[in-house]
Amino acid sequence: MSQFSPKSSRKSSRASGREAGDDVTATLTTKDRFTTWQQNTTSRHWRFAISAACVGIAASAVGLSLGIVDLWDRQVQNAFFQLRGPVEAPSDIVILAIDDESLDQGPLYAQNPERYADLRPIASWPWRREAYATVIDRLMGAGAKAVAIDITFPTPSTYGPDDDEAFAQALRRHGDRVVLAAKYPRVAQQYGDLFQPSLPLAQFREAGVQIGIINFLIEPDQKIHRLGQVFLADIAAEEAAILGAAATTPDEASLRSFAQATLQAAKADYPKTLQENIFFYGPKGTFEQVPFWQAIDNDIWRDQLGSGAFFEDKIVIIGTTSPMHHDTHGSPFSETLIYPDAMPGVEILANSVATLEADLSPYRLIKQPHINALIVLGLGLAVAVGMSKTEKPQYRLLIVGGTLVLWTSLSYFAFVKARTIIISGAPIVAIATIGLMDFGVGFAADRIRRKRLRTTLARYVTSPLVQEIISQQDDFQDLLDLNQADIIGTVLRDRYRIVEVLGIGGFGETYSAQDTQRPGDPICVVKKLKIVSDNPKSHHLAQRLFRAEAVVLGELGEHNQIPRLLAYFEIQQTFYLVQEMVEGRLLRNILSHNRPLSQRAVIRLLRDLLPVVSFVHSKGVIHRDIKPSNIIRRKSDGRYVLIDFGAVKTITNKLVGSDTQVTSTVGIGTQGYMPSEQSNGMPTVRSDIYALGITAIEALTGKPPHALKRSDDGEIIWSHTVEDISAELSSIINQMVRYDFNKRYHSAQSVLTDLNALDSPQISESELLAEDAELDNDFSLGPVTHNQGTRPGVIATNEAIEVTQILPTDWQAEDNDPSEATTIIPAEEPPEADSSS
Numbered sequence: 086m087s088q089f090s091p092k093s094s095r096k097s098s099r100a101s102g103r104e105a106g107d108d109v110t111a112t113l114t115t116k117d118r119f120t121t122w123q124q125n126t127t128s129r130h131w132r133f134a135i136s137a138a139c140v141g142i143a144a145s146a147v148g149l150s151l152g153i154v155d156l157w158d159r160q161v162q163n164a165f166f167q168l169r170g171p172v173e174a175p176s177d178i179v180i181l182a183i184d185d186e187s188l189d190q191g192p193l194y195a196q197n198p199e200r201y202a203d204l205r206p207i208a209s210w211p212w213r214r215e216a217y218a219t220v221i222d223r224l225m226g227a228g229a230k231a232v233a234i235d236i237t238f239p240t241p242s243t244y245g246p247d248d249d250e251a252f253a254q255a256l257r258r259h260g261d262r263v264v265l266a267a268k269y270p271r272v273a274q275q276y277g278d279l280f281q282p283s284l285p286l287a288q289f290r291e292a293g294v295q296i297g298i299i300n301f302l303i304e305p306d307q308k309i310h311r312l313g314q315v316f317l318a319d320i321a322a323e324e325a326a327i328l329g330a331a332a333t334t335p336d337e338a339s340l341r342s343f344a345q346a347t348l349q350a351a352k353a354d355y356p357k358t359l360q361e362n363i364f365f366y367g368p369k370g371t372f373e374q375v376p377f378w379q380a381i382d383n384d385i386w387r388d389q390l391g392s393g394a395f396f397e398d399k400i401v402i403i404g405t406t407s408p409m410h411h412d413t414h415g416s417p418f419s420e421t422l423i424y425p426d427a428m429p430g431v432e433i434l435a436n437s438v439a440t441l442e443a444d445l446s447p448y449r450l451i452k453q454p455h456i457n458a459l460i461v462l463g464l465g466l467a468v469a470v471g472m473s474k475t476e477k478p479q480y481r482l483l484i485v486g487g488t489l490v491l492w493t494s495l496s497y498f499a500f501v502k503a504r505t506i507i508i509s510g511a512p513i514v515a516i517a518t519i520g521l522m523d524f525g526v527g528f529a530a531d532r533i534r535r536k537r538l539r540t541t542l543a544r545y546v547t548s549p550l551v552q553e554i555i556s557q558q559d560d561f562q563d564l565l566d567l568n569q570a571d572i573i574g575t576v577l578r579d580r581y582r583i584v585e586v587l588g589i590g591g592f593g594e595t596y597s598a599q600d601t602q603r604p605g606d607p608i609c610v611v612k613k614l615k616i617v618s619d620n621p622k623s624h625h626l627a628q629r630l631f632r633a634e635a636v637v638l639g640e641l642g643e644h645n646q647i648p649r650l651l652a653y654f655e656i657q658q659t660f661y662l663v664q665e666m667v668e669g670r671l672l673r674n675i676l677s678h679n680r681p682l683s684q685r686a687v688i689r690l691l692r693d694l695l696p697v698v699s700f701v702h703s704k705g706v707i708h709r710d711i712k713p714s715n716i717i718r719r720k721s722d723g724r725y726v727l728i729d730f731g732a733v734k735t736i737t738n739k740l741v742g743s744d745t746q747v748t749s750t751v752g753i754g755t756q757g758y759m760p761s762e763q764s765n766g767m768p769t770v771r772s773d774i775y776a777l778g779i780t781a782i783e784a785l786t787g788k789p790p791h792a793l794k795r796s797d798d799g800e801i802i803w804s805h806t807v808e809d810i811s812a813e814l815s816s817i818i819n820q821m822v823r824y825d826f827n828k829r830y831h832s833a834q835s836v837l838t839d840l841n842a843l844d845s846p847q848i849s850e851s852e853l854l855a856e857d858a859e860l861d862n863d864f865s866l867g868p869v870t871h872n873q874g875t876r877p878g879v880i881a882t883n884e885a886i887e888v889t890q891i892l893p894t895d896w897q898a899e900d901n902d903p904s905e906a907t908t909i910i911p912a913e914e915p916p917e918a919d920s921s922s
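Using our numbering, the first residue of the sequence shown is number 86, and each one after it goes up by one.
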């Protein structure tokens, strides 16, 4: 027998060449090579492909002049204006403001007409036109360049012809140095909308005054950016497209924008070519304003305004700044976090006049859409190529961020310093989208990797080495927590043995437990609140909130139809509440599995719960979250129990017993069951009455609140869906759910009084037992409920249709549905309670 080594055999084989029958490596076909190349290319360039697609979409939107492109540009311009901030307004433009102060002068005249005779023309709104005549004469006599009135006079004065004649005489005296406003209301026609000018009265126009149009185009961001002359050019083009020629009358042909007419009246030079954009000097109040009444009152005119010397060589624009006239509009300096107030129309006109006077209108550098599209495409592809050249996230972020900063800075300085508009919105959005998508995909890939690592570590969590690794990773700290199996069997305070974990969240846990010191070891509910901060102040605050909640629950639990608070205590800076376990079925489950309740059953429901609600209110508490998911029909006696007082707000007895409006508080409740005043953070005791009424409607109709129709004035329309509904019962429920809380019952007891006065048909004991048996059949549909009472830090899940809305949500658990995420807000410092209870 010969022996040989594998090594010598391999050498022999290589020396002798390939033998017949030896395995050979298969040659790659063209298809295989193409598939491999495609996979490698896709893997290497997927980021570039996604980026290029985003850039292509953005460039196409620019080339097609889609409205969203203009929206982006306008939003960027808004940001540029606000970043620049207010600048000093021209001193030769003054607003004579019809403000609240001027409108409030009427009562002074009414009190003493002889002393305040000067205020007679402005005694009531609308003012007499002789008021404007007086002001025009005074301003012109004082040397004002022009007077422009941002008020239309299309109809005769309500004070009679003499009033109009007084105004017309003042206009004749000063002729073309006065500007009257006109506007174009939209008129519907068969082939489209046309604009017909609403001009001042003929007797005013014949006085030789200037007429100025006060209309502006509203941009896609619902703000005014462009001058009034752009509006005139736009409607001329629109009418020409519809009718084949501009539909202008001789009067229309001479119309100018209000800014143009004002500068024409002031004999000031301004660009005669079409200007586009308004140069906004700042937010409302930037231009100097004088209350209108000061120009009427002789004493103020003489003493404070120097008999009009203040207005010498100035353009005076008269217009309203009062909110009551609703003449406010969006502008780059309005409806933002920094500048929340809308801008009065007269101030927009002042900005327009100043823009033309100083020739400061920003202009577009490139107006051709296809050229702008090429700019977006080139810039975006350059960024995409640069990002595809590196695999390091920080370098890709640097490319995206650097390009955004560079293009935004270029656009900003061109806009602010040179009043030049270059396309900025689309490039910024495209580049930002590229960066976000790159980050998102990278983040998702990282999450998948970490999830796999988490799964592996969880499998070997008992290993000391793995525990050492986990201790150095903040994201995996929860793997070191005890699992549920370790929790079950724990005894708290040598009394409450945990038998089941009902829920675990980021801030708390809920268990069912046996009370080992009571006969039969009855089941109770234990709620644990975790303190996630080592700050002593945070712990002290948690103690206060915990004791306040416990005090409220302890007082409310005195009622037979509210779960009792059995104990509350603190163990090693962890808080516990122990409450009575109520065995029964949620009303939500009863309504889900049975047909709608009968009128008799609903009356019983209301008569059962109204005393409970009245008791709650008498304790200075508003429940704020009454709904079928928070009502249990107790198995032992069929009575209805009101649960989940985590949404209560302690209020003073004074507020409960009066109609005083409560102060704003945390907005909390469930959509559909929550009235409007509660949604706005202003709950009252009538809010609970509304919620109970909605619950009764749902029980009668079988329809959830969101399926109910409402009238134009907000009232719920429901009674027609219930067969043979009692008119008296319908009236009571309707008053419970009135949209205006002032029209609802003022207390639960008043509802109960009307309900007890109903002529209900007598019911025999056998019929009553049959009705109870029908409802009791629902107990066979599933386990009894465990989720009653307040949950500090952990919220169990109820029906998705009843999502409790809460602000703030700091106490909401992470692993549970927010359907009952509620909290307690103490109105004042609660009395100290024994921590051992």
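Beta carbons are placed, not taken as given, at the ideal position from N, Cα and C, and that holds for glycine.
Check	Outcome
Between the CA atoms of Ile818 and Ile402 - distance to the nearest angstrom	55 angstroms
Alpha helix (DSSP H) segment containing Glu186, residue limits	185-188
Minimum length 4: unbroken alpha helix (DSSP H) runs contained in the region 753-836	761-764, 770-786, 812-821
Backbone secondary structure at Ser176 - three-state DSSP	coil
Same chain only: Cβ atoms within 6 angstroms of Gly510, ignoring 5 sequence neighbours per side	Trp157, Asp158, Val161
Rounded separation between Gly393 and Ala182 - CA only	15 angstroms
Buried or exposed (CB count within 10 angstroms, at least 16 for buried), Lys784	According to the sequence displayed, residue 784 carries Ala and not Lys. Per the 10 Å Cβ criterion, buried.
Endpoints, beta strand (DSSP E) assigned at Asp235	231-237
Coarse secondary structure for Glu585, derived from DSSP in three states	strand
Inter-residue Cα distance where the pair is Gln360 and Leu149	24 angstroms
Within 8 angstroms, strictly: CB atoms of Ser661 and Val610	At residue 661 the sequence reads Tyr, which differs from the Ser that was named. No; because the gap between Cβ atoms is not below 8 angstroms, this pair is not in contact.
Opening and closing residue of the beta strand (DSSP E) in which Glu655 lies	650-656
Distance between beta carbons of Ala350 and Ile233, contact taken as under 8 angstroms	Residue identity check: residue 233 is Ala in the sequence provided, not Ile. Yes, Ala233 and Ala350 are in contact; Cβ-Cβ is about 7 angstroms, under 8 angstroms.
Whole-angstrom C-beta distance between Ser187 and Val239, which should lie under 8 angstroms	Residue identity differs from the one stated: residue 239 is Pro in this sequence, not Val. Not a contact, Cβ separation roughly 23 angstroms.
4-residue-minimum alpha helix (DSSP H) runs that sit fully inside the region 130-174, ordered along the chain	152-169
Gly141 versus Ala499 - alpha carbon distance	26 angstroms
First through last residue of the alpha helix (DSSP H) which encompasses Glu634	621-641
Residue from Leu312, Ser772, Pro417 with nearest C-alpha to Phe166	Pro417
7 angstroms CB neighbourhood of Ala353 in its chain, flanking five on each side removed	Glu442
Whether Thr413 touches Ala435 by CB criterion (8 angstroms)	no
Beta-carbon separation (whole angstroms), Ala143 vs Ala515, contact threshold 8 angstroms	4 angstroms
Best match in Arg213, Ala251, Ala227, Leu224 for proximity to Ile236 [C-alpha to C-alpha]	Arg213
Cβ separation of Leu340 and Leu317, assumed to be a contact under 8 angstroms, to the nearest whole Å	7 angstroms
Where Met409 falls, given that 16 or more other Cβ within 10 Å makes a residue buried	exposed
Rounded separation between Ile423 and Gly520 - CA only	28 angstroms
Cα-Cα separation between Thr601 and Asp722, rounded to whole angstroms	26 angstroms
For Gln345, the first and last residue of its enclosing alpha helix (DSSP H)	343-350
Of the residues Tyr366, Phe365, Trp386, Ser764, the one placed nearest Val375, counting alpha carbons only	Trp386
Val836 and Met821 closer than 8 angstroms at C-beta	yes
Check whether Asn728 and Val667 have beta carbons under 8 angstroms apart	The sequence as given places Ile at residue 728; Asn does not occur at that position. Against a cut-off of 8 angstroms, the Cβ pair of Val667 and Ile728 comes out as a contact.
Where Ser714 sits in the DSSP three-state scheme	helix
Short Cβ contact (8 angstroms threshold) for Val637 with Val726	no
Strand pairing of Ile38, partner residues [DSSP]	Given that the chain is displayed from residue 86 to residue 922, the structure contains no residue 38 and the question cannot be resolved.
Length of the line joining the Cα atoms of Val264 and Ala792	55 angstroms
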